[in-house]
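Taking it in order: structure first as structure tokens, then the write-up.
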Amino acid sequence: MPAVTVAARQPDSLTGADALRRELNFFNLYRLLEGAVLALMFFSPASMLFGESARPVLGQITTVAYLLAGVGLLAWAHRQQAVRAQVMVGTAIDILVATLAMHAFPAASPGIALTLLFNIGAAALLLPLRYGLGSAGLAAGAMIGEMVWSSVYDSDARPLAERLMFSVSYLAIAMLTYLLGRQMRASQELAERRGAEVADLAEINELIIRRMRTAVVVVDGDGSLRLANEAALLLLGEIDQRNLLLAAPELARRLHAWQQDGISDDTPLRLGVDHTEVLPRFARLLANGDAVLVFLDDTSLVSRRAESMTLATLGRFSASLAHEIRNPLAAISYATQLLEESREIVDGDRRLLEIIHQQCMRTNGIVESVLGIARRERANAEHVELVGWVRRFVEDYEQMLPPESGSVQVTNPAPSLPALVDQKHLQQVLTVLLQNALNYGRLPGQPARVTLAVHTLDGKPTIDVTDRGPGIPEGSLSRLFRPFFTTSEHGTGLGLYIARELCRANESTLDYVPVPGGGSCFRVVLPGTHALLSK
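Using our numbering, read the sequence shown as starting at 301 and increasing by one per residue.
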């Protein structure tokens with residue numbers, strides 16, 4: 301299915317030079333027609349219809365020379381060189397031949413002079429004004445000169461008034477055809493300019509449609525797909541069929557319903573392999589046409605704008621809530637420290653107090669991280685020995701983990717692995733991933749088994765959090781890290797979003813990696829210890 305493309309402009313109209321050469325070719329063909337008429341007058345038996353020739357030999361020589369000159373001028377015109385010179389030379393030959401033909405056939409001189417009128421007009425149409433008037437003046441002088449020449453040898457020469465009228469006609473036709481030609485050329489230039497502007501606007505419109513985020517599809521009356529822009533191709537995928545019913549059956553059904561009653565269904569539908577939610581809108585290209593323009597609005601764009609507004613509100617709310625959370629945390633932490641100083645607390649209870657104090661510090665760190673995301677604060681990265689740090693983190697996490705929740709183990713091919721990361725941020729990221737793996741990464745009736753694999757990937761420290769659960773549905777993968785997206789009734793949908801934002805603050809990545817055979821894997825790729833030096 302071809303997308304809307306921007307083609308290079310190919311003007312349909314001829315350029316000024318091409319139009320001039322085309323007119324010159326017609327002029328040369330007319331010149332050959334004139335030569336054929338002269339041949340009919342001087343060589344054919346039908347010459348008696350025109351009257352008696354006074355000087356047949358002169359007429360025959362002139363006719364043969366004119367035909368040869370016409371053929372030569374036509375060949376010269378095909379070489380597309382020196383157009384102005386061709387017109388001037390051809391006009392001079394026309395005037396000379398007309399003068400000789402009038403002298404050789406005095407009875408046909410009015411017709412010959414009238415035929416020359418077209419040649420003068422054509423020359424003035426193709427030449428600048430001074431050359432056109434010059435050709436007319438030359439023709440007028442030749443007419444009068446031929447009359448004087450004939451009066452010397454013939455007593456019945458044509459009257460002077462006739463030649464003067466032809467001379468005035470030559471000058472008038474030269475001026476009129478020049479003005480007509482100038483107006484025609486101006487109109488042609490304006491048409492070419494307007495055509496170029498229309499072509500440019502068409503290119504701009506095509507480029508806008510092609511780059512629109514809104515998917516646009518043009519459908520014929522029989523349901524055939526004519527055009528689709530890039531956004532539509534991303535939604536519909538690789539279209540092997542040009543029929544909308546085969547490419548998107550539900551969209552074809554809604555289009556048919558809209559064509560029947562004119563009412564559009566406002567319920568979003570899913571298209572493509574990613575099952576993107578779109579809202580179709582229909583509009584006719586022409587009032588009486590069958591072609592329909594289909595707009596496919598991606599509802600996720602609206603959702604993202606709503607999410608951005610919600611996150612901005614959440615940031616402001618977090619700033620106001622942080623003070624209220626820190627006050628009880630400070631009180632709990634202070635009370636825990638006082639209890640630890642008591643001598644009546646047994647050792648087992650002191651361990652519980654230590655856990656309470658650690659969780660108060662962790663909760664305070666979570667509040668700081670959320671506020672840091674809202675304020676886009678930079679991470680305080682430091683050098684960490686990743687293998688030992690992950691093992692200590694898991695040991696502390698297991699102390700709060702009920703036995704029935706599952707098990708967590710750490711695997712590492714290397715005894716140590718240096719990394720550069722903010723420890724508080726990494727602790728919060730792994731806490732989110734472990735909590736999700738323990739809650740959702742289990743099969744029914746079985747405890748969760750979670751593995752933290754610490755290794756290197758392309759030379760970068762990497763942590764894989766893998767479970768043996770049912771995995772994540774394919775339809776949820778595209779929205780996995782979006783804020784407020786959750787499949788749990790008790791979740792907020794912010795855990796993975798905050799975790800990814802914390803990874804980005806540490807110049808790290810957090811991605812989902814499918815596990816063959818079932819299960820899920822979330823991979824955290826951290827910068828190495830020399831990451832700052834490589835920039």
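Don't be surprised by glycine CBs; every beta carbon is placed ideally from N, CA and C.
Treat the numbers as computed from the prediction; the structure is a model and nothing was measured.
When C-alpha distances from residue 771 are compared across 805, 803, 818 and 758, the shortest belongs to 818.
Distance from the CA atom of residue 469 to the CA atom of residue 357, rounded to whole angstroms, is 30 Å. Comparing C-alpha distances from residue 528 to each of 570, 560, 592 and 483 shows the shortest one belongs to 592. In the three-state scheme derived from DSSP, where H, G and I count as helix and E and B as strand, residue 763 is classed as strand. Assigned with DSSP and collapsed to three states, residue 746 falls in coil, not helix or strand.
When the five nearest sequence neighbours on each side are left out, the beta carbons in the same chain lying within less than 8 Å of the beta carbon of residue 696 are those of 658, in order along the chain. In the structure shown, residue 815 falls within a coil segment according to DSSP collapsed to helix, strand and coil. Taking the Cα positions, residue 564 is about 17 Å away from residue 545.
Residue 684 places its beta carbon less than 9 Å from that of residue 726. Taking 9 Å as the cut-off, the beta carbon of residue 417 is found closer than this to the beta carbon of residue 473. In the DSSP annotation of this structure, the continuous segment of the beta strand (DSSP E) that includes residue 571 starts and ends at 569-571. With fewer than 16 neighbouring CB atoms inside 10 Å of its own CB, residue 637 falls in the exposed class.
Going by C-alpha positions, residue 575 is about 14 Å away from residue 547. Counting C-beta pairs closer than 8 Å gives fewer than three between the segment 400-417 and the segment 320-333, which falls short of the contact rule. The beta-bridge partner set that DSSP reports for residue 546 is empty.
Sorting 707, 747 and 821 by C-alpha distance to the C-alpha of residue 777 places 821 at the top. By a beta-carbon distance limit of 8 Å, residue 535 contacts residue 596. Their separation comes to about 6 Å. Taking every protein chain shown into account, the CB of residue 403 has 16 or more other CB atoms within 10 angstroms, so this residue is buried. By the Cβ rule, the segment 795-805 does not count as touching the segment 705-712, because fewer than three pairs are nearer than 8 Å. Residue 325 and residue 373 do not touch by the CB rule: their CB atoms are close to 10 Å apart, not below 8 Å. Around the beta-carbon of residue 761, 16 or more other beta-carbon atoms lie within 10 Å, marking it buried. Excluding five sequence positions before and after residue 583, the CB atoms of its chain that fall closer than 6 Å to its own CB belong to 593, given in chain order. Annotation: residue 345 to residue 375 spans about 31 Å, alpha carbon to alpha carbon. Setting aside the 5 residues that flank it on each side, residue 828 is surrounded in the same chain by 760, each with a C-beta closer than 6 Å to its C-beta; the list follows chain order. If you look at residue 500, you'll find it in the alpha helix (DSSP H) that goes 460-511.
Per DSSP, residue 409 is one residue of the alpha helix (DSSP H) stretching across 409-426. By the neighbour-count criterion, in which 16 or more other beta carbons inside 10 Å mark a residue as buried, residue 386 falls on the buried side.
The Cβ atoms of residue 754 and residue 717 lie closer than 9 Å to each other. Sequence-distant Cβ neighbours of residue 439 in its own chain, meaning closer than 7 Å and more than five residues away, are 395, 416, 420 and 470. Per DSSP, reduced to three states, the secondary structure at residue 524 is strand. Residue 732 counts as buried, since no fewer than 16 other beta carbons sit within 10 angstroms of its beta carbon.
The C-alpha of residue 656 lies about 21 Å from the C-alpha of residue 689. Between residue 367 and residue 335, the C-beta spacing is below 9 Å.
When the beta-carbon positions are compared, residue 425 and residue 363 stay at least 9 Å from each other. Residues 660, 663 and 664 of the same chain have their beta carbon placed closer than 7 Å to that of residue 629, with the five preceding and five following residues left out of the count. In the structure shown, residue 755 adopts extended strand secondary structure according to DSSP, grouped into three states.
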